[in-house]
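Chemist: Taking the UniProt record's numbering, I'd label the letters of the sequence shown as residues 1 to 256.
Where is the CB? At the ideal position from N, CA and C, for every residue including glycine.
In this text, all values refer to a predicted model and were calculated from it rather than measured experimentally.
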Amino acid sequence: MDKCFVITGAGTGIGQAAALELGNANNNHILVLVGRREGPLYDTLALLNNPQRAIVATADVRELNQLKEVAEKADLANKSLSGIFVNAGIGGENHAGPTDRWFDIINTNLTGAYNTVHAFLPYLKTSQADKKNILFTSSILAKIGVPGYEAYCASKAGVLGLTRSLATTLAPDKIAVNALCPGWVDTKMARTGLEQFAEKVNQPVEKIIEREMARVPFGKMSTPTEIGKWVKFIFTGSQFSLTGQSIDVNNGAFMD
């Protein structure tokens, strides 16, 4: 039976890149593309070599029942689910007060990750796939502090705790659980954050990018495609030894 992969946040950035890497590497792969907005998901669909093998499903990861409905719509009970890429997330600052975004960020990035796993896990457990993986998108900010990013840093650090705990819980089921920790990735979300900071300090965004890249040993951002290739490697490569790991992909910005 052909392998099936669920990708949340599949309409843009890293999620879209992962979908293209997985879908275009093997035209027989079945993709379940999940996101809050239908339009970007269809943008991803249009870039696939074999879009007939993909299922588009809108859902808010904060809502467990919506994710369960996606599983039913995709008929996962009759598919060989092999990987869940838990990627949906939001970024930006949060500040205490009436406009604090703490709960929105935590509920999306951490509770949403937990919801995603538990909506699709029953189908992964019963799948006949020869390899079974859960892969989270965490962040370099799970490991370093950034002023004003308390919610984002906490949510992504929480994802690493979730990764390690699930890795031990699901080891008897031969399900590997890992997390990617990207540094700067050239996505719309990253660009928006840089633009907002540039506006705050009244400097050109180009200057801010130049300053940030000067702190990175390789002096550059990763592309979404580079991160997507890591997803493909974890899900379809010949190795099956990694579990409970946080994988740093950051051009040397953080060295553990």
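Got a sec, what are the start and stop residues for the alpha helix (DSSP H) L170 sits in?
Modeler: Counted from its first residue, the sequence shown places residue 170 at position 170. Note, L170: alpha helix (DSSP H), E150 to L170.
Chemist: Counting along the chain, where does the alpha helix (DSSP H) carrying G13 start and finish?
Modeler: Start at 1 with the first residue of the sequence shown, and residue 13 comes out as number 13. That run of the alpha helix (DSSP H) goes G13 to A25.
Chemist: Can you tell me whether S241 is buried or exposed, with buried defined as 16 or more other CB within 10 angstroms of its CB?
Modeler: Within the sequence shown, numbered from 1, the residue matching residue 241 stands at position 241. Label assigned to S241: exposed.
Chemist: According to DSSP, is F136 part of a helix, a strand, or is it coil?
Modeler: Translated into positions along the sequence shown, residue 136 becomes position 136. Of the three classes helix, strand and coil, the one that applies to F136 here is strand, per DSSP.
Chemist: Can I7 and A18 be called in contact, C-beta distance under 7 Å?
Modeler: Sequence index remark: in the sequence shown, residue 7 carries index 7 (1-based). Sequence index remark: in the sequence shown, residue 18 carries index 18 (1-based). Taking 7 Å as the Cβ cut-off, I7 and A18 qualify as a contacting pair.
Chemist: Kindly indicate which residue of R191, M189, F136 and A157 has the alpha-carbon position closest to the one of W230.
Modeler: Numbered from 1 along the sequence shown, position 230 holds the residue referred to as residue 230. With distances taken between Cα atoms, W230 lies closest to F136.
Chemist: Let me know the secondary structure DSSP gives A54 once reduced to three states.
Modeler: Mapped onto the sequence shown, residue 54 falls at position 54. In the structure shown, A54 sits in a strand (DSSP, three-state: E or B).
Chemist: With H, G and I counted as helix, E and B as strand and the rest as coil, what does DSSP make of P122?
Modeler: Residue numbering aside, residue 122 sits at position 122 when the sequence shown is read from its first letter. Here P122 sits in helix by DSSP.
Chemist: Going by beta carbon distance, what residues of the same chain come within less than 6 Å of Q245, once the five residues before and after it are set aside?
Modeler: Start at 1 with the first residue of the sequence shown, and residue 245 comes out as number 245. Cβ within range, chain order: N178.
Chemist: Within a Cβ cutoff of 7 Å, which residues of the same chain sit near L124, ignoring the five residues on either side of it in sequence?
Modeler: As a working note, residue 124 is residue 124 in the sequence shown. Counting only Cβ-Cβ distances below 7 Å, and skipping sequence neighbours, we find L81, I84, K132 and I175.
Chemist: Taking the beta strand (DSSP E) that I144 belongs to, which residues open and close that run?
Modeler: Your numbering for residue 144 matches position 144 in the sequence shown. Taken as a continuous stretch (DSSP letters only), I144 belongs to no beta strand (DSSP E), as it is neither H nor E.
Chemist: CB-CB under 7 Å to P51, same chain, minus the five flanking residues each way: which ones, in chain order?
Modeler: In the sequence shown, counting from the first residue as 1, residue 51 sits at position 51. Closer than 7 Å at Cβ, skipping near neighbours: L45.
Chemist: For a test of the three-state rule: what should DSSP assign to I84, helix, strand or coil?
Modeler: Counted from its first residue, the sequence shown places residue 84 at position 84. Reduced to three states, the DSSP call for I84 is strand.
Chemist: Would you tell me roughly how many angstroms separate the C-alpha atoms of T236 and A171, rounded to the nearest one?
Modeler: As a working mapping, residue 236 is identified with position 236 in the sequence shown. As a working mapping, residue 171 is identified with position 171 in the sequence shown. Approximately 18 Å, taken between the alpha carbons.
Chemist: In the DSSP assignment, find the unbroken beta strand (DSSP E) run with D248 in it and report its ends.
Modeler: In the sequence shown, residue 248 corresponds to position 248, counting from 1. Where D248 is concerned, the enclosing beta strand (DSSP E) stretches over S246 to V249.
Chemist: Between A151 and I90, is the Cβ-Cβ spacing less than 7 Å?
Modeler: Locating residue 151 in the sequence shown gives position 151, counting from the first residue. Locating residue 90 in the sequence shown gives position 90, counting from the first residue. In this structure, I90 does not lie closer than 7 Å to A151 by Cβ.
Chemist: Taking the C-alpha atoms as reference points, what is the distance between V76 and R215?
Modeler: Within the sequence shown, residue 76 is the residue found at index 76, counting from 1. Within the sequence shown, residue 215 is the residue found at index 215, counting from 1. Per the sequence shown, residue 76 should be read as Leu rather than Val. Cα to Cα, the separation comes out at about 44 Å.
Chemist: Check whether the segment 113–121 touches the segment 57–77, taking contact to mean three or more Cβ pairs, one atom from each stretch, closer than 8 Å.
Modeler: A contact exists between the segment 113–121 and the segment 57–77.
Chemist: Rounded C-beta distance between V86 and A59? I'm assuming under 8 Å.
Modeler: For this step, residue 86 is matched to residue 86 along the sequence shown. For this step, residue 59 is matched to residue 59 along the sequence shown. Not quite, the Cβ-Cβ distance comes to about 13 Å (not below 8 Å), so this is no contact.
Chemist: Have a look at S127, D130, V61 and P147 and flag the residue whose alpha-carbon is nearest the alpha-carbon of H95.
Modeler: Position 95 of the sequence shown, counted from the first residue, corresponds to residue 95. Comparing Cα-Cα distances from H95 to each of S127, D130, V61 and P147, the minimum goes to P147.
Chemist: Name the DSSP bridge partner or partners of F5?
Modeler: Taking the sequence shown and counting its residues from 1, the one referred to as residue 5 is at position 5. BP columns for F5 point to L31 and G83.
Chemist: According to DSSP, what are the bridge partners of P182?
Modeler: Residue mapping note: residue 182 aligns to position 182 of the sequence shown, counting from 1. V249, per the DSSP bridge assignment.
Chemist: Determine the direct distance from the alpha carbon of E93 to that of R101, and round the result to whole angstroms.
Modeler: Reading the sequence shown from its first residue, position 101 is the one you call residue 101. Reading the sequence shown from its first residue, position 93 is the one you call residue 93. Straight-line Cα distance between these residues: approximately 8 Å.
Chemist: Is the separation between the beta-carbon of P217 and that of G193 shorter than 7 Å?
Modeler: By 1-based counting over the sequence shown, the position of residue 217 is 217. By 1-based counting over the sequence shown, the position of residue 193 is 193. No, they are not a contact pair.
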